[in-house]
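Q: Encoded as structure tokens, here's the structure I'll be asking about.
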Amino acid sequence: MAINPNIFKAYDIRGKVPKELNVDSARCIGNAVAEYLAKKYRKRNLTLLVGSDVRISSPVLKKALIEGIVTQGSSVIDIGTVTTPLFYFALGHSKNDGGIMVTASHNPAGYNGFKIRGRNTQPIAERSGLRVIQKLANKKGLIEGETLGRISVKKDTLEPYIAKLRRKIRIGKARVVIDAASGSATLVLPKLLSHFPGLIYKPLFFQPDGTFSVHDPNPLKPDAQDFIKEELKEGSFDFGVIFDGDGDRIVFFDEFGNEVRGDFIVAILAAEFLKKHRRSWVVINATASKAVEEYIYSSGGKPVRSRFGYVNITNAMRKKKAIIGGETSGHFYFREFGYNESSMYTLLKMLEIVSRTPKKLSHFIQPLRKYVSGPEVNFMVKNRTRVLGAAEKQFGR
Numbered sequence: 035m036a037i038n039p040n041i042f043k044a045y046d047i048r049g050k051v052p053k054e055l056n057v058d059s060a061r062c063i064g065n066a067v068a069e070y071l072a073k074k075y076r077k078r079n080l081t082l083l084v085g086s087d088v089r090i091s092s093p094v095l096k097k098a099l100i101e102g103i104v105t106q107g108s109s110v111i112d113i114g115t116v117t118t119p120l121f122y123f124a125l126g127h128s129k130n131d132g133g134i135m136v137t138a139s140h141n142p143a144g145y146n147g148f149k150i151r152g153r154n155t156q157p158i159a160e161r162s163g164l165r166v167i168q169k170l171a172n173k174k175g176l177i178e179g180e181t182l183g184r185i186s187v188k189k190d191t192l193e194p195y196i197a198k199l200r201r202k203i204r205i206g207k208a209r210v211v212i213d214a215a216s217g218s219a220t221l222v223l224p225k226l227l228s229h230f231p232g233l234i235y236k237p238l239f240f241q242p243d244g245t246f247s248v249h250d251p252n253p254l255k256p257d258a259q260d261f262i263k264e265e266l267k268e269g270s271f272d273f274g275v276i277f278d279g280d281g282d283r284i285v286f287f288d289e290f291g292n293e294v295r296g297d298f299i300v301a302i303l304a305a306e307f308l309k310k311h312r313r314s315w316v317v318i319n320a321t322a323s324k325a326v327e328e329y330i331y332s333s334g335g336k337p338v339r340s341r342f343g344y345v346n347i348t349n350a351m352r353k354k355k356a357i358i359g360g361e362t363s364g365h366f367y368f369r370e371f372g373y374n375e376s377s378m379y380t381l382l383k384m385l386e387i388v389s390r391t392p393k394k395l396s397h398f399i400q401p402l403r404k405y406v407s408g409p410e411v412n413f414m415v416k417n418r419t420r421v422l423g424a425a426e427k428q429f430g431r
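For the sequence shown, our numbering gives the first residue as 35, with consecutive numbering after it.
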């Protein structure tokens, strides 16, 4: 069978269900991932971790994906419905050979996809094996064969994750609005936040809904922000946040409902970590404000810019052994979480910082609002290579 080539992106696999991604292609991809990793690690019988988000298409796609893996001869540990950061945590704290998260992240409900990791949560992306997996999957045809690998279910991942998140966190009195976007974050937040008696929070959309019927699972979309802005407009809370569909992204708002740039949050968090880790590197993306660089320098850190995308950010962090990294889009990565992202840890650390004083979030952001900046602008060009070449020649690297 021919699998739609458009679903293979730079960092993951993603497409509309079932038009672009269906059970047959999921089965072939599962088989191909297992074959690729078996060759990569020179091991015949792998053990792969598989998790999924709350989307209504996730169970059937996960089932097909697992069928493809075990038909190849590898075994699967199914950790159920989880956030993507919880999947990374579970994978990083196991001795398994890799894993696949079934999710389309912040895309609309009609989409789904796969995030693939190797050992030690190493990303499998366009330049690190995803194109090979694409070729292998297209060679498979319709897979029908004997179940050679074992399938087991593991349901005890949440409590160890919560224990890791709350370790050394001290939150005083704080008032926040939290929009879980009806996504996978709903499965973690109530249990996690119950450990902090001084915290008062207003929950928005804490019931999982795989259709995302209330608002878009992308927290950067203006219509997805209407509810939290309404709650915050009177300024009675310290700040607010929205999670995305699979719980790996978090977007902050000040006490009046103004969206806060992700790179500003990186700067505030970096200053906190640099109190104990002076001269550590901090990774920011290419469009981060100059004010963020200056703030990190003044806090005793060393900022370094990276290309967009979690593969580029995490690779830069590993290279520099950076204490923290982040993107303007709301992704935050931590060395203590294996250079993986953790939106929940980001929330807890910001609550810890803000709860130490009677000040609200706008107070902490104000020093970073020193330069004029515009919104991100995207546009299409006919000759991508020529345009990028001209830009590189003009502006350098």
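Glycine included, each C-beta is placed from N, C-alpha and C at the ideal position.
Just so we're clear, the structure is a prediction, and the values are computed from it rather than from any experiment.
Which residues in the same chain as residue 421 place their Cβ atom closer than 7 Å to its Cβ, once the five residues preceding and following it in sequence are excluded?
A: Here residue 421 corresponds to residue number 387 of the sequence shown, with the count starting at 1. Cβ within range, chain order: 415.
Q: What residue range is occupied by the uninterrupted beta strand (DSSP E) comprising residue 376?
A: As a working mapping, residue 376 is identified with position 342 in the sequence shown. It is not in any beta strand (DSSP E) - residue 376 carries neither H nor E in the DSSP assignment.
Q: Can you tell me whether DSSP reads residue 83 as helix, strand or coil?
A: Counting from 1 along the sequence shown, the entry for residue 83 is found at position 49. Strand, per DSSP.
Q: Per DSSP, residue 432 is paired with what?
A: The chain is shown from 35 up to 431; residue 432 falls before or after that span and cannot be answered.
Q: Along the chain, where does the beta strand (DSSP E) that runs through residue 286 open and close?
A: By one-based count along the sequence shown, residue 286 stands at place 252. Its beta strand (DSSP E) spans residues 284–287.
Q: Pick out the complete alpha helix (DSSP H) segments inside the region 111–171, 4 residues or longer, and give them in chain order.
A: If we require 4 residues or more, the alpha helix (DSSP H) runs fully inside the region 111–171 come out as 118–126.
Q: To which residues does DSSP link residue 338 through a beta bridge?
A: Residue numbering aside, residue 338 sits at position 304 when the sequence shown is read from its first letter. For residue 338, which the question treats as bridged, DSSP gives the partners 317.
Q: Exposed or buried, which one is residue 203 when buried takes at least 16 other CB atoms within 10 Å?
A: Within the sequence shown, residue 203 is the residue found at index 169, counting from 1. Exposed: under 16 other Cβ atoms inside 10 Å.
Q: In the DSSP assignment, find the alpha helix (DSSP H) that holds residue 243 and state where it starts and stops.
A: Mapped onto the sequence shown, residue 243 falls at position 209. Segment: none, residue 243 is in no alpha helix (DSSP H) and carries neither H nor E.
Q: Would you be able to state if there are at least three C-beta pairs under 8 Å between the region 397–414 and the region 226–234?
A: Contact between the region 226–234 and the region 397–414 is absent, because fewer than three Cβ pairs lie under 8 Å.
Q: Taking the C-alpha atoms as reference points, what is the distance between residue 189 and residue 88?
A: The residue labelled residue 189 in the question sits at position 155 within the sequence shown. The residue labelled residue 88 in the question sits at position 54 within the sequence shown. Each residue's Cα considered, the two are about 16 Å apart.
Q: For a minimum of 3 consecutive residues, which ranges assigned as the beta strand (DSSP E) are wholly contained in the region 220–268?
A: For the region 220–268, whole beta strand (DSSP E) runs of length 3 or above, ordered along the chain, are 233–238.
Q: Taking only three categories from DSSP, how would you classify residue 97?
A: If you number the sequence shown from 1, residue 97 lands on position 63. Looking at residue 97 - three-state DSSP - the assignment turns out to be helix.
Q: Could you pull the DSSP bridge partners for residue 47 from this structure?
A: Residue mapping note: residue 47 aligns to position 13 of the sequence shown, counting from 1. Its beta-bridge partners are 42 and 148.
Q: Would DSSP call residue 413 helix, strand or coil?
A: Counted from its first residue, the sequence shown places residue 413 at position 379. In this structure, residue 413 counts as coil in the three-state DSSP scheme.
Q: Suppose you measure from the CA of residue 272 to the CA of residue 352; what does that come to, to the nearest Å?
A: Against the sequence shown, residue 272 aligns to sequence position 238. Against the sequence shown, residue 352 aligns to sequence position 318. So the two alpha carbons sit approximately 34 Å from each other.
Q: Check the DSSP bridge columns for residue 367 and list the partner residues they point to.
A: The count along the sequence shown starts at 1 and reaches residue 367 at position 333. 359 and 375, per the DSSP bridge assignment.
Q: Does residue 294 come out as helix, strand or coil in the three-state DSSP assignment?
A: The sequence position of residue 294 within the sequence shown is 260, counting from 1. In this structure, residue 294 counts as strand in the three-state DSSP scheme.
Q: Less than 9 Å separating the beta-carbons of residue 253 and residue 283?
A: Residue numbering aside, residue 253 sits at position 219 when the sequence shown is read from its first letter. Residue numbering aside, residue 283 sits at position 249 when the sequence shown is read from its first letter. Cβ atoms of residue 253 and residue 283: closer than 9 Å.
Q: Out of curiosity, what's the CA-to-CA distance linking residue 139 and residue 118?
A: Locating residue 139 in the sequence shown gives position 105, where the first residue counts as 1. Locating residue 118 in the sequence shown gives position 84, where the first residue counts as 1. Roughly 8 Å between the two C-alpha positions.
Q: DSSP three-state call for residue 322: helix, strand or coil?
A: Working through the sequence shown from its first residue, we reach residue 322 at position 288. In the structure shown, residue 322 sits in coil (DSSP, three-state: anything other than H, G, I, E or B).
Q: Look at residue 360 and residue 387 and say whether their C-beta atoms are less than 9 Å apart.
A: Residue numbering aside, residue 360 sits at position 326 when the sequence shown is read from its first letter. Residue numbering aside, residue 387 sits at position 353 when the sequence shown is read from its first letter. The answer is no: Cβ separation not under 9 Å.
Q: Considering only the alpha carbon of each residue, which of 242, 262, 195 and 200 lies closest to residue 212?
A: Sequence index remark: in the sequence shown, residue 212 carries index 178 (1-based). It is 262.
Q: Using the C-alpha atoms, what's the distance from residue 86 back to residue 146?
A: What you label residue 146 is simply residue 112 of the sequence shown in a count that begins at 1. What you label residue 86 is simply residue 52 of the sequence shown in a count that begins at 1. If I take the Cα positions, the gap works out to 10 Å.
Q: Have a look at residue 155 and residue 268 and give me their C-alpha separation to the nearest angstrom.
A: Translated into positions along the sequence shown, residue 155 becomes position 121. Translated into positions along the sequence shown, residue 268 becomes position 234. C-alpha separation (whole angstroms): 43 Å.
Q: Excluding five sequence neighbours on each side, which residues of the same chain lie with their C-beta closer than 7 Å to the C-beta of residue 233?
A: On the sequence shown, position 199 is the one that residue 233 refers to. Cβ within range, chain order: 205, 208, 227 and 385.
Q: Give me the residue from 161, 241 and 332 with the minimum Cα distance to residue 305.
A: If you number the sequence shown from 1, residue 305 lands on position 271. Of the candidates 161, 241 and 332, the one whose C-alpha sits nearest the C-alpha of residue 305 is 332.
Q: Give every residue of the same chain whose Cβ lies closer than 7 Å to the Cβ of residue 104, excluding the five residues on either side of it in the sequence, and list them in chain order.
A: For the purposes of this step, residue 104 is identified with residue 70 of the sequence shown, where counting begins at 1. So the qualifying residues of the chain are 110, 181, 182, 183 and 185.
Q: From the DSSP output, read off the bridge partner residues of residue 109.
A: As a first step, residue 109 is located in the sequence shown; it is residue number 75 there, counting from the start. DSSP output for residue 109 lists 81 as bridge partner(s).
Q: Starting from residue 423, follow the alpha helix (DSSP H) in both directions and report where the run begins and ends.
A: Locating residue 423 in the sequence shown gives position 389, where the first residue counts as 1. Note, residue 423: alpha helix (DSSP H), 418–429.
Q: DSSP beta-bridge partners for residue 210?
A: As a first step, residue 210 is located in the sequence shown; it is residue number 176 there, counting from the start. Bridge partners of residue 210: 235 and 273.
Q: From residue 316 to residue 173, what does the alpha carbon distance come to, in whole angstroms?
A: The residue you call residue 316 lines up with position 282 of the sequence shown. The residue you call residue 173 lines up with position 139 of the sequence shown. Straight-line Cα distance between these residues: approximately 42 Å.
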